[in-house]
Amino acid sequence: MDCGGYLLNGDISILIGGPAGSGVFRSGQIISKTLFRHGYHVVTNNEYPSIIRGGHQWVIVRASEEEIFSHRNYADIILALDKLTINKHRERLRENGLIVCDEGDAKIIEGEKCVSLPLKKIVSMYGAPSVAVNVVGIGAVFGLLDANIDILLRVIEESFRGKEKIAEINKSLAREGYEHVKREYGSLEDIPKVSTLKPLENKILINGNEATALGAVSGGLTFFAAYPMTPASPILHFLAEIQKELGIVVVQPESELAAINMVIGAAYTGARSMTATSGGGFSLMVEALGQAAMTEVPVVIVEAMRTGPSTGLPTYTSQSDLRFVMHASQGEFVRAVLAPGDPYEAFVLTHEAMNIAWRYHIPVIVLTDKYLAESYWTVDSFPELEPQEYKIIRGEYRNGEYKRYVITDDGVSPMAVPGTKGALIVANSSEHNEHGFGSTDPEVVTSMVDKRFRKLENLTREAEEKGVKVYGEGRVIVITWGSTKNAVLEATKNFWGVKVVQVLWLEPFPVNNVANALEGAERVLVIENNKTGQLVSLLKEKLLLEPDGFLGKYDGRPFLPEEIEEWITGFMEG
Numbered sequence: 062m063d064c065g066g067y068l069l070n071g072d073i074s075i076l077i078g079g080p081a082g083s084g085v086f087r088s089g090q091i092i093s094k095t096l097f098r099h100g101y102h103v104v105t106n107n108e109y110p111s112i113i114r115g116g117h118q119w120v121i122v123r124a125s126e127e128e129i130f131s132h133r134n135y136a137d138i139i140l141a142l143d144k145l146t147i148n149k150h151r152e153r154l155r156e157n158g159l160i161v162c163d164e165g166d167a168k169i170i171e172g173e174k175c176v177s178l179p180l181k182k183i184v185s186m187y188g189a190p191s192v193a194v195n196v197v198g199i200g201a202v203f204g205l206l207d208a209n210i211d212i213l214l215r216v217i218e219e220s221f222r223g224k225e226k227i228a229e230i231n232k233s234l235a236r237e238g239y240e241h242v243k244r245e246y247g248s249l250e251d252i253p254k255v256s257t258l259k260p261l262e263n264k265i266l267i268n269g270n271e272a273t274a275l276g277a278v279s280g281g282l283t284f285f286a287a288y289p290m291t292p293a294s295p296i297l298h299f300l301a302e303i304q305k306e307l308g309i310v311v312v313q314p315e316s317e318l319a320a321i322n323m324v325i326g327a328a329y330t331g332a333r334s335m336t337a338t339s340g341g342g343f344s345l346m347v348e349a350l351g352q353a354a355m356t357e358v359p360v361v362i363v364e365a366m367r368t369g370p371s372t373g374l375p376t377y378t379s380q381s382d383l384r385f386v387m388h389a390s391q392g393e394f395v396r397a398v399l400a401p402g403d404p405y406e407a408f409v410l411t412h413e414a415m416n417i418a419w420r421y422h423i424p425v426i427v428l429t430d431k432y433l434a435e436s437y438w439t440v441d442s443f444p445e446l447e448p449q450e451y452k453i454i455r456g457e458y459r460n461g462e463y464k465r466y467v468i469t470d471d472g473v474s475p476m477a478v479p480g481t482k483g484a485l486i487v488a489n490s491s492e493h494n495e496h497g498f499g500s501t502d503p504e505v506v507t508s509m510v511d512k513r514f515r516k517l518e519n520l521t522r523e524a525e526e527k528g529v530k531v532y533g534e535g536r537v538i539v540i541t542w543g544s545t546k547n548a549v550l551e552a553t554k555n556f557w558g559v560k561v562v563q564v565l566w567l568e569p570f571p572v573n574n575v576a577n578a579l580e581g582a583e584r585v586l587v588i589e590n591n592k593t594g595q596l597v598s599l600l601k602e603k604l605l606l607e608p609d610g611f612l613g614k615y616d617g618r619p620f621l622p623e624e625i626e627e628w629i630t631g632f633m634e635g
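Counting from 62, one number per residue, gives the positions in the sequence shown under my numbering.
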C-alpha cells in the first residue's frame with residue numbers, strides 16, 4: 062500500500078479511533094504528551110460527529126524530531142478500538158504500517174499487517190471497565206515503538222491525578238499491553254522507533270482554546286461569561302476550573318444574549334471582560350456588539366468558527382465567518398479583528414485583544430476555528446506578558462464637570478466607573494452628546510461619529526506594525542490566515558522559491574505591510590477554508606489585487622499539506 066513518501070527517521074503518525082465514550086480523546090492526549098515528553102514536536106487533529114451520543118471518533122497524532130506544523134493524511138500505526146475504525150481508516154495506513162486491534166477484530170484485516178492482542182480479555186482479567194481497552198492498546202503502541210515506558214506511566218498517572226486507584230489500574234493495563242507486544246512480536250523493524258531525546262527547551266504542548274484563555278488571563282481578565290457552544294466551550298470549562306486560583310469570575314448564563322450583556326455590564330464597571338462563542342452564538346450577540354461600540358465599552362469576543370450557515374456542522378472547522386464578524390451589527394464603527402494561526406499566536410493575540418479593547422474602548426474579536434481551538438501543537442513557551450494599565454477614574458473625580466464622551470484628539474475619552482464621586486456617568490446606546498444624553502442634532506451626531514473613528518488612526522498604525530508574518534523568500538507567494546497557515550507551512554517545506562504571507566490582523570487591514578510583502582511577486586496564491594475566498598475579496602478591496610489562484614476548502618475539514626502540495630505543484634509546472 063503506497064501512502065506517500067514521507068517516512069523519515071524520527072517522524073511518525075498514530076491514529077486512534079473508536080466509538081464515542083471509548084476514551085478516544087483521552088487516549089490522544091496521553092499519546093501526544095508521551096511523545097512530547099520523549100522530546101518530539103507534536104501536532105494533533107481530532108474529528109467527531111455532530112450528535113449528542115454515539116458515532117465514530119478519531120484522533121491523529123504526528124510526532125517528529127524536527128519542527129512540524131500540521132498532521133498529514135497517513136498513519137504509521139492505527140489503534141483500532143472497533144471494526145469501524147479499521148474499515149474507515151485502513152486506506153490511510155502507509156507501507157509497512159500496522160493496525161493494532163483486539164484479536165476479535167483482526168479477522169477482517171486482509172493484506173495489512175496486524176498486531177492483534179486480547180485487549181478485552183486483559184481488561185477483564187484486571188476487573189477494569191471495558192472502556193479501559195484503550196489504555197492496553199496505548200501500551201501496545203508504545204511497546205512497538207520501543208518507547209520509554211516510565212514516561213508513559215507518568216503521563217497516565219498525571220491524567221488521573223487525584224484518582225490514585227484508577228491511575229494504578231490504568232498503569233497496570235498499559236504495562237500489560239506494552240509487555241504483551243514485546244513478548245509476542247518482539248521489535249518490528251519496519252516501524253519507526255521512538256528515541257528518548259533531549260527534552261525540548263522552552264516548548265509546551267497546548268491547544269488553541271487553552272492558549273486563548275491563558276492569553277486573556279495574562280491580559281488582565283477578571284470576568285468571563287459564556288454560554289456553551291462548540292468549539293468554544295472548552296474555554297469556559299478551562300477558566301471555570303482555574304477561576305479560584307486566579308481570582309477571576311466565570312459565569313455560565315442562560316444564553317449568548319445574556320453572556321454578551323453581562324460582559325458589557327462588567328466592563329462598564331471597570332472589569333476586563335470577555336466572552337467566547339461560535340458563529341451561531343455570535344449571531345445572537347450582534348446587536349449587543351453595536352451597543353458596546355456606541356457606548357464605548359471595551360469588550361473582547363472570541364469567535365471560534367465552525368461550518369455554517371445555521372447549525373451547519375457544529376463539530377467541524379471553517380473559515381467562513383471573516384466577512385460576517387468584520388461587518389456585523391448595523392451602522393459603522395471601529396472594531397479590531399485578530400486571527401491567530403496556532404496556540405502561541407492565540408495566547409499573544411488574545412492578550413493583545415484585551416489591551417486593544419481598553420486602549421481604544423472598542424469591541425475586539427479574536428477569530429479562531431475548530432481546528433485551532435481543539436488541536437494540540439508544540440509551540441514556544443508563552444512569554445511573561447503583563448496587562449497594560451489604562452487609567453480608569455475611580456473613587457472621586459475632581460476635574461470639574463465629567464463628560465464620558467468628551468471630544469479628544471485621539472477619540473478616546475476618560476472612563477469613570479459608576480459610583481465615582483463627582484461624576485455623573487451616562488452610557489447611552491442611542492447617539493448622544495459628550496455627557497451621554499441622547500441627541501439628534503446633526504452637528505453633535507457628526508462630531509461623535511468622527512470622534513469614535515479617530516481611534517482608527519492609531520489602531521491602523523498598530524495593525525501595520527503587528528498584522529503580518531512572512532515566512533521564507535520567493536517570487537511565488539502564498540497568502541493565508543488563521544490555522545490554515547499550518548498546512549501551508551508544512552506543504553511549502555518541499556518547495557524552493559515560495560514565500561508564505563500570513564495576515565493576523567484582518568480589521569483594520571494592514572494594507573501597506575501586505576503590499577510590501579508582495580513586492581516582486583510573480584504569482585500570488587490564496588488559500589483559505591471557505592468557498593467564496595473571503596481573504597481574496599479583502600485583497601481586491603484593499604489592494605486592488607487579483608490573485609493568480611485561489612484554493613478553497615469547505616467540507617468541514619482542515620487542509621492537508623498533501624492537498625496544498627499538489628495544487629502548488631500545478632502552478633509551479635504550469
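Each residue gets a CB set at the ideal place from its N, CA and C atoms; glycine is no exception.
Backbone CA spacing between G617 and I426 [nearest angstrom]: 22 Å
Between S371 and the rest of its own chain, which residues show a CB-CB distance below 8 Å, the 5 nearest in sequence each way excluded? G341
Can you name the residues that DSSP bridges to Q563? When DSSP reads this structure, Q563 sits in a beta bridge with K530 and T541.
V418 to G373, Cα distance in whole Å? The sequence given here places Ala at residue 418; Val does not occur at that position. Near 31 Å, if we compare the C-alpha coordinates of G373 and A418.
What's the call for F343, buried or exposed, on a 16-neighbour Cβ count within 10 Å? buried
Hey, could you find the ends of the alpha helix (DSSP H) I303 is sitting in? S294 to L307
Quick one: measure Cβ to Cβ for V537 and E580, integer angstroms, because I've assumed they're closer than 8 Å. Not really, about 14 Å apart at Cβ, beyond 8 Å.
Considering only residues of the same chain and omitting the five flanking positions on each side of Y458, which have a CB-CB separation below 8 Å? Result list for Y458: A477, T481, K482, G483 and A484, in chain order.
With respect to the alpha helix (DSSP H) encompassing I199, which residues constitute its N-terminal and C-terminal limits? V194 to L205
Helix, strand or coil: which one does DSSP assign to T95? Of the three classes helix, strand and coil, the one that applies to T95 here is helix, per DSSP.
Grouping DSSP H, G and I as helix and E and B as strand, with all else coil, what is E589? If DSSP states are grouped into helix, strand and coil, E589 belongs with the strands.
Just curious, the beta strand (DSSP E) that K264 is in, first and last residue? K264 to N268
Reference R465, options L517, V358, F385 and K560, closest by Cα: V358
Thinking C-alpha only, which one of K94, A389 and P571 is nearest A208? Residue nearest to A208 within the set K94, A389 and P571 is K94 (criterion: CA-CA distance).
Whose C-alpha, out of S379, L318 and A353, is nearest the C-alpha of M346? L318
Which same chain residues end up closer than 6 Å to K243 when comparing Cβ atoms and leaving out the 5 residues on each side of it in sequence? G204
For a test of the three-state rule: what should DSSP assign to P179, helix, strand or coil? coil
Is the distance from the Cβ of H117 to the Cβ of A136 below 8 Å? no
Should the stretch 620 to 633 be regarded as contacting the stretch 550 to 570, the criterion being three or more beta carbon pairs within less than 8 Å? yes
Over what stretch of residues does the beta strand (DSSP E) that includes D137 continue unbroken? For D137, the enclosing beta strand (DSSP E) begins and ends at A136 to A141.
Looking at I75: is its Cβ nearer than 8 Å to the Cβ of I91? no
Please identify the residue among E589, F632 and F570 whose C-alpha is closest to the C-alpha of L6. In this structure the chain extends from 62 to 635, so residue 6 is not present and cannot be described.
Can you give me the C-alpha to C-alpha distance between V671 and L282, rounded to a whole angstrom? What is shown of the chain runs 62 to 635, which leaves residue 671 out entirely.
Using the C-alpha atoms, what's the distance from T330 back to I267? Going by the C-alpha atoms only, they are around 33 Å apart.
Secondary structure of F498, DSSP reduced to three states: F498: coil per DSSP, three-state reduction.
Under DSSP, the beta strand (DSSP E) around H117 begins and ends at which residues? Unbroken beta strand (DSSP E) run through H117: H117 to S125.
According to DSSP, simplified to helix, strand and coil, what is A437? A quick correction: the sequence has Tyr, not Ala, at residue 437. The answer is strand: DSSP assigns Y437 an E or B state.
Are the beta-carbon atoms of T593 and A407 separated by less than 8 Å? no
Return the CA-CA distance between A349 and A488, expressed in angstroms with no decimal places. 13 Å
Buried or exposed for E435, going by 16 or more other Cβ atoms inside 10 Å? buried
Helix, strand or coil at L612 according to DSSP, with G and I counted as helix: L612 falls in the strand class under three-state DSSP.
In the DSSP assignment, find the unbroken beta strand (DSSP E) run with S74 in it and report its ends. D72 to P80
Are the stretch 222 to 237 and the stretch 188 to 205 touching, with three or more C-beta to C-beta distances below 8 Å? yes
Rounding to the nearest angstrom, what Cα-Cα distance links S316 and T336 in this structure? 12 Å
Taking only three categories from DSSP, how would you classify D211? Judged by DSSP in its simplified three-state form, D211 adopts helix.
Quick check on DSSP: helix, strand or coil for M366? strand
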